[in-house]
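Visitor:
Residue numbers (the numbering used here): 20 to 203.
Next comes the structure, spelled out in structure tokens:
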């Protein structure tokens with residue numbers, strides 16, 4: 020099948036999704052401040068889409084669910100690792116996270132889109148049941164890894180926010196008891 024035929028056979032919503040994801044990736048190149056709650060949306064969406072695919076895919080059974088869970092765990096570890104190596108600032112009073120501009124979200128979005136597009140094409144055109152099952156497993160693992168990567172980053176921001184909130188509480192108590200004013 021030619022690349023032109025593949026593009027012509029691609030649903031319109033996939034093109035719109037690509038435009039939206041590219042926009043999000045390019046905006047991540049610039050630093051921004053976001054509410055912590057907003058940063059929870061992407062991991063929830065990716066996890067929901069992965070679980071919905073596992074439920075709706077006839078060939079997805081316990082093996083695919085296991086691949087998704089393994090991918091999720093690996094993604095969480097990767098997300099925590101990358102977030103811990105990023106300079107970010109949490110504001111526990113405003114409950115916001117200031118993130119520096121980074122190419123990582125753009126690369127993650129691009130790699131995910133390419134992998135999912137390729138897997139979607141393979142699953143739509145493959146007639147060999149064994150290969151189709153393999154593609155379903157790979158798709159589940161990729162889906163879990165992506166959801167985990169965003170979840171791991173969110174967990175890191177949330178844990179830091181929680182730790183800073185605890186320090187603020189201690190600072191408020193010491194300020195109130197000693198009459199000193201200081202920021203934590």
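Idealized CB from N, CA, C, for every residue including glycine.
1. Among the candidates 137, 115, 104, whose CA atom is the shortest distance from the CA of residue 183?
2. Taking C-beta to C-beta, are residue 48 and residue 125 nearer than 8 Å?
3. Runs of 4 residues minimum, wholly inside the segment 41-115: which ones carry the alpha helix (DSSP H) assignment?
4. Is DSSP giving residue 20 helix, strand or coil here?
5. What does the alpha-carbon distance come out to for the pair residue 36 and residue 23?
6. Going straight from the alpha carbon of residue 34 to that of residue 143, what length do you get?
7. Which stretch, first to last residue, makes up the alpha helix (DSSP H) that contains residue 144?
8. Quick one: what's got a C-beta closer than 8 Å to residue 168's C-beta in the same chain, skipping five residues either side?
9. With a threshold of 8 Å, are at least 3 pairs of Cβ atoms found where one atom belongs to the segment 50-70 and the other to the segment 157-174?
10. For residue 122, which residues from the same chain have a beta carbon less than 7 Å from its beta carbon, with the 5 sequence-adjacent residues on both sides left out?
11. Can you find the residues in the same chain that come closer than 7 Å, C-beta to C-beta, to residue 26, ignoring five residues on each side of it along the sequence?
12. Ordered along the chain, which non-local residues of its own chain (more than five positions away) have a Cβ less than 6 Å from that of residue 120?
13. In the DSSP assignment, what are the bridge partners of residue 150?
14. Alpha carbon to alpha carbon, what distance is there between residue 181 and residue 103?
15. Leaving out five residues on either side along the sequence, give the residues of the same chain with a beta carbon under 6 Å from the beta carbon of residue 160.
Guide: Walking through what the data contain:
1. 115
2. yes
3. Those alpha helix (DSSP H) runs which fall completely within the segment 41-115 and span 4+ residues are 55-58, 60-75, 81-103.
4. Here residue 20 sits in coil by DSSP.
5. 19 Å
6. 17 Å
7. For residue 144, the enclosing alpha helix (DSSP H) starts and ends at 123-144.
8. 94, 95, 97, 98, 101, 127
9. yes
10. Same-chain partners within the cutoff: 48.
11. none
12. 48, 49, 50
13. Answer by DSSP bridge pairing: none, since residue 150 is not bridged.
14. 15 Å
15. 86, 90
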